[in-house]
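Here's the structure, in structure tokens; my notes come after.
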């Protein structure tokens, strides 16, 4: 593991914080566990998308920013899919 990566415990903590921020921004009512999942998966998705654009984030702050952006994308996507079923 290099110095710019975060460990599993830090990923859970930062993912939870990122998911919580995203749920507040997107006005969704998610629990703690779902916030962690949204933040971690969101960080992976946003890091991939930003990587396609040539932008890379490192460290805790970068992981938090990527997690918030990715979690917002996930919340938006789930709302878009959920609204098509109605």
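Numbering (the numbering used here), first residue to last: 593 to 678. The C-beta atom is built at its ideal place from N, Cα and C for all residues, glycine as well.
Residue j beta carbon less than 8 angstroms from that of residue i
i: residue 660; j: residue 613; result: yes
Residue closest to residue i, alpha-carbon to alpha-carbon, out of the options
i: residue 626; options: 674, 672 and 666; result: 666
i: residue 669; options: 600, 618, 610 and 608; result: 618
i: residue 629; options: 606, 646, 649 and 599; result: 606
i: residue 664; options: 599, 643 and 620; result: 620
i: residue 671; options: 608, 600, 615 and 599; result: 615
Own chain residues within Cβ distance below 6 angstroms of residue i, not counting five before or after
i: residue 639; result: 658
i: residue 635; result: 655, 658, 659 and 662
Residue i, enclosing alpha helix (DSSP H) - first and last residue
i: residue 648; result: Note, residue 648: premise wrong, no alpha helix (DSSP H); not H, not E.
i: residue 608; result: 600-617
Whole-angstrom C-beta distance between residue j and residue i, which should lie under 8 angstroms
i: residue 632; j: residue 602; result: The pair is not a contact, with the Cβ atoms about 11 angstroms apart (cut-off 8 angstroms).
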